[in-house]
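Protein chains in written order, with the numbering used here: chain A, 5 to 637; chain B, 5 to 637.
Shown next, in structure tokens, is the structure this report addresses.
Protein chains: 2
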Amino acid sequence: QLQAILSSDGGGNSLNRETFRQAVVNTLERRLFYIPSFKIYRGVAGLYDYGPPGCAVKANVLAFWRQHFVLKENMLEVDCPCVTPEVVLKASGHVDKFTDLMVKDEKTGMCYRADHLLKDFCKEKLEKDLSLPVEQVAEFKHVLAVLDDLSSEQLGAKIKDYGITSPDTKNPLSDPYPFNLMFQTSIGPSGVSTGYMRPETAQGIFVNFKDLYYYNGNKLPFAAAQIGQAFRNEISPRQGLLRVREFTLAEIEHFVDPDDKSHRKYEEVVNLEFLMFPREEQMAGNQAKKIRLGDAVSRGIVNNETLAYFIGRVYLFLTRLGIDKERLRFRQHLANEMAHYAADCWDAEIECSYGWVECVGIADRSAYDLNAHSEKSGVPLVAHEKFQEPKEIEKLVIAPMKKELGLEFKGNQKKVVEALEAMNEKEAMEMKASLESKGEMEFHVCTLGKVVTIKSGMVSISKEKKKEHQRVFTPSVIEPSFGIGRIIYCLFEHSFYMRSSKAGNEQLNVFRFPPLVAPIKCTVFPLVQNQEYEKLAEQISESLTGNMISHKIDVTGTSIGKRYARTDELGVPLAITVDSASSVTIRERDSKEQIRVEIDEVASVVKEVTEGQSTWADIQRRYPAHSSTTVDE
Amino acid sequence: QLQAILSSDGGGNSLNRETFRQAVVNTLERRLFYIPSFKIYRGVAGLYDYGPPGCAVKANVLAFWRQHFVLKENMLEVDCPCVTPEVVLKASGHVDKFTDLMVKDEKTGMCYRADHLLKDFCKEKLEKDLSLPVEQVAEFKHVLAVLDDLSSEQLGAKIKDYGITSPDTKNPLSDPYPFNLMFQTSIGPSGVSTGYMRPETAQGIFVNFKDLYYYNGNKLPFAAAQIGQAFRNEISPRQGLLRVREFTLAEIEHFVDPDDKSHRKYEEVVNLEFLMFPREEQMAGNQAKKIRLGDAVSRGIVNNETLAYFIGRVYLFLTRLGIDKERLRFRQHLANEMAHYAADCWDAEIECSYGWVECVGIADRSAYDLNAHSEKSGVPLVAHEKFQEPKEIEKLVIAPMKKELGLEFKGNQKKVVEALEAMNEKEAMEMKASLESKGEMEFHVCTLGKVVTIKSGMVSISKEKKKEHQRVFTPSVIEPSFGIGRIIYCLFEHSFYMRSSKAGNEQLNVFRFPPLVAPIKCTVFPLVQNQEYEKLAEQISESLTGNMISHKIDVTGTSIGKRYARTDELGVPLAITVDSASSVTIRERDSKEQIRVEIDEVASVVKEVTEGQSTWADIQRRYPAHSSTTVDE
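Structure, rendered in structure tokens:
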């Protein structure tokens, strides 16, 4: 019901969204899917534990990710440390640019995110001050729209103009200044070697490019992958489980020839059709539309086949986990959102009670990262394409005559040599012509800050034909990056529903997890407390363990209806009730339908359904229905 | 061969050990099992990446750990953050005690572990100075034996006495001082909230005890488990892959009634027999001996059944991974190694080229951790045992009369009240007797530092019989803690061997991983480069992917023998060679024997062997042998 309200509602009705969220979050916390970390010490904002069922869901999601991406695509998985030396993150740009703007309460020193304060102020004005003049309404709406693009100075000016003060004390605030979001530490005992907890796992892959390329037989394309913890020291974490200070990322770096971004398996995704939200549609104020992936590529909406292939694979991944495909869209980055080097970028956004949430980013980052690390480390991170037969290539050769230049320019010789060598083709050919016709030429040497005269005999300039055996280039990288915690949280919201108890006096919570994701695959209940049934339950439990099926026995004397309700709340797909000496009933969570199965077949039936070889409907056809529902149901 | 030398050698022949280690480590690094992290930036001591095959081995080991422990025992797995606030690690003792003693080069500031310098000095003297007088030999040997027990002052004195200087510069050294091995950071932007990267995963479980106990239906015993990264900012990492600054731990905290440490499944391990090294045998200078686990318990060598159960399960875990049971021993901690609160502690030690290495610690930590967090947080971390019927218990009741005490002692009233309430039974009964007979009694109040006179009417003391419905107690915890990286490294050494190539001109490297551990389960080779065979290889690859079997295709024109050698070096158990249009050969890595199998049966045969349903011998019985070995083999 709440969901119906939610999905029919474009986002305006925040009260219902919050009621729904509270119902989900209460269930999640009560059943230990999540626990605020270090709770007995009052916790730390932005840190959460996964309790037993949450941890099992996470393990299932990661196992499926490995299967769906690493195994299916033969990716090279690596596992790098979280502690990262400064030089790596200097090269990647994180040390200089991974910042949020912060303001401080000038008296207490409390810190706030500058954009949050401005956002809250504008929103409150718009919501509460109904007498606001039209121009002001327009102004506040404009500020909200461009919030992410405001510079430090612009943010500071707005905060001053609007007279925004510290929300807790009403004290004046400092000007905004950048706060680096990396957790900083020190490696080793000397205190001089700065390190950071990695903000993403990708850099560990980039710095290993050379070895991985070699491992792959010096062939492109190939993909490397990594699952691991990443860290972000948020100024003031909000949005509960969506914005946390430590989280699990699963990242893929697919390295490809920039001149050939086709994909071998592109045909497998070409007919998928789902909600896409191209840049142009966003600018025009339209909604996301269903587009066939193949059309998006042929119409030039998605930049290339490889990018499209991963968009398609991400769609399959998320929907197989149980994400509602009507509340999943792929949104293209606007020009101003995208880094200058990026060729194209799409986010898989999932709608939940917080609105549309970015859960997977799929970016064509071109050669940016490899170039940055090549430059900083001095180790060329490049690929080679061997030509079938050598190609003839004309090459400019500039050979300064060091002896002659030395005699003429003495101590300045080196700088003149360097300037000559740095000439581009046009400059060099002009000089060649001038030297041949006039015997000399005026030449500006930047590093000396003056013009010198170059005479013939001081430099030899020629064009030589050379046979090249290979092309050397920096690969482009296409990066699908998965925020595992966000995906799981959205999955919880999409899987949650409430239904009335049989007596109608209670609302019961259910998670409709697919078996793939379900933290526990089945429960085993003796119908009544007696030794015979408990022994049979034990026996079934052992055969389930033997089949590697995670399950839970509940031998409490609680009514069977209550036990079903408990297990529905954990999203357990099947419940086995031992109610005779030879056979049991198996109940499916969502339909509440039951079948009767012999005891020695139980484990294999559960295995078939939970491992996906058969559906519940298949199984129902093979086994008799059990209709005598118990009193409690 | 090297292994034979190694295992027949008690530890003296360090040269052969190092040759062997070099052969293993070279292979591991060349095939990217490991990569020194951030290699293009010259790396960081003590940080390593797992490259593709290493990462796959690690994933397999962790999956098996989950199966063998979490699933089989229905443990509650949790997943807590690495970033930990100071208060938690203050309570656990890590802020004050997780230190190593360090000395600094007084001129350059370079840091060294004090015990390392002393150890190196003594070892070098003993090895190189053959003219050393007997007393000196005895002294240096003694120092080596007690190294771990030396205090900061004792270490400093020895370093001064022996004139030990900085190994790099020969400069004088500072006195030893403690260096905390936790990576420190700051949580949030204010800079006032200190955090550390966790040194172990256990604390995340302890602080959640209350919730987990509730989740388990308020029943003991139960176990919680966690797999995750832990951090240790080593002063100067040595021993390559064994002592690193970031590593994966897998920890179990089994909570049990201190009055009943029996284990439900104890019978399953009671007949296991393996190398144990009890405290007494170590003190007597003996070797580890094979002991039946049941005997170790009944003879009082192992403290209790639960501890023994886990020792047995750890033995099964390690040997199933491929650890050689002749080079695995369980060593009991000596009295001086064990924390004062520990009831008993055993390390699973694996012998490798570095000697015996602690890989798993199995400790009965009694109630220490839960008590520490109860005290610090004020939240009682206790269990309850409900009595079948209420028990009658005599309880001392001391009731100070606050009004009377106030009139008499004014501002000191509160301290007198507290002192009265703090009396033990004996003191209270004496006072009761005295007040009844004499009407008053002299009473020493520590907090006031003086004696006061207590008169009858100021306090009522009585013994009351009370019905108790439950017993409240702090559970003991038995903790098996696995250093996953160390286990994997030892596994690499135990799995490695060399054999001659067929031509006899080359030594080839092989890892004899069991299929469970093998990073890649099989390889697919077209015998010669032609379209038909390559297409068949692709087809086989697809059916392997469909069966979730990790594999690798090698379509290079390299000789089949070289391709076998490459794959043996990665420890791939089976190699499929496509040499006809209808059937292929499957070759087993260690025996090099081959069978012939129809193409459409290949995937199921590989699945059977690699998932452990059949052995290679079983399969050999069912399929014809293929004897025409190729020229290269």
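For glycine and all other residues, C-beta sits at the position ideal for the given N, C-alpha and C.
Being a predicted model, the structure only gives us computed values, none of them experimental.
For residue i, name the three-state secondary structure that DSSP assigns.
i, result
"G410 of chain A", "helix"
"P89 of chain A", "strand"
"Y627 of chain A", "coil"
"A343 of chain A", "coil"
"T619 of chain B", "coil"
"H359 of chain B", "Reading off the sequence shown, one finds Gly at residue 359 of chain B, where the question assumed His. It is a strand residue."
"S545 of chain B", "helix"
"R25 of chain B", "helix"
"E422 of chain B", "helix"
"I524 of chain B", "coil"
"Y501 of chain A", "strand"
"K442 of chain A", "helix"
"P57 of chain B", "helix"
"I564 of chain B", "helix"
"N20 of chain B", "helix"
Does the separation of the CB atoms of residue i and residue j fall below 8 Å?
i, j, result
"C526 of chain A", "V576 of chain A", "yes"
"S480 of chain B", "P262 of chain B", "yes"
"V613 of chain B", "P519 of chain B", "yes"
"P85 of chain B", "I256 of chain B", "no"
"A60 of chain A", "I524 of chain A", "yes"
"T198 of chain B", "Q188 of chain B", "yes"
"I315 of chain A", "I354 of chain A", "no"
"Y345 of chain B", "Y319 of chain B", "no"
"F517 of chain A", "D558 of chain A", "no"
"I191 of chain A", "L177 of chain A", "no"
"N175 of chain B", "E110 of chain B", "yes"
"V386 of chain B", "T478 of chain B", "yes"
"I458 of chain B", "M435 of chain B", "yes"
What does residue i reach in chain C if we use C-beta pairs closer than 8 Å?
i, result
"Q617 of chain A", "The structure shown has no chain C; the protein chains it does contain are A and B."
Run down chain B in chain order and give the residues with a C-beta less than 7 Å from the C-beta of residue i.
i, result
"C115 of chain A", "P193 and S194"
"C526 of chain A", "By Cβ distance, chain B contributes nothing, its closest Cβ being about 13 Å from C526 of chain A, past 7 Å."
Which residues in chain B sit within 8 Å of residue i, going by Cβ to Cβ distance?
i, result
"Q71 of chain A", "M552"
"M106 of chain A", "P193"
"V3 of chain A", "Nothing about residue 3 of chain A can be reported from this structure: the residues present for chain A run from 5 to 637 only."
List the residues of chain A whose Cβ lies closer than 9 Å to the Cβ of residue i, in chain order.
i, result
"Q1 of chain B", "The displayed coordinates of chain B run from 5 to 637. Any statement about residue 1 of chain B would go beyond what the structure contains."
"Y54 of chain B", "E81, V82, D83 and C84"
"N237 of chain B", "V87, T189, S190, I191, G192 and P193"
With DSSP as the reference, identify every bridge partner of residue i, one or two as the case may be.
i, result
"Q230 of chain B", "B:E255"
"P40 of chain A", "A:Y52"
"K470 of chain A", "A:I397"
"M3 of chain B", "In the structure as shown, chain B starts at 5 and stops at 637, and residue 3 of chain B therefore has no counterpart that could be examined."
"E250 of chain A", "A:F235"
"L574 of chain A", "Partner(s): none; L574 of chain A has no beta bridge."
"S480 of chain B", "B:V260"
"S485 of chain A", "A:E255 and A:G365"
For residue i, which residues in chain A fall below 8 Å Cβ to Cβ?
i, result
"P89 of chain B", "F42, Y45 and V48"
"T560 of chain B", "G221"
"T549 of chain B", "L75 and K76"
In chain B, which residues lie less than 9 Å from residue i when you measure between Cβ atoms?
i, result
"F183 of chain A", "P193"
"S608 of chain A", "Correct list: empty, because the minimum Cβ distance to chain B is about 14 Å."
Below 7 Å on C-beta distance, what does residue i contact in chain A?
i, result
"E208 of chain B", "For the sequence presented, residue 208 of chain B should be read as Gly rather than Glu. Those are D53, listed as they occur along chain A."
Check: Enumerated in chain order, which unbroken segments of the beta strand (DSSP E) with a length of 3 residues or greater are wholly contained in the region 273-335 of chain B?
Finding: 277-281 and 293-296
Note to self: My parser needs the alpha helix (DSSP H) runs of 4 or more residues fully inside the region 163-229 of chain B; what are they?
What the structure shows: 206-210 and 213-219
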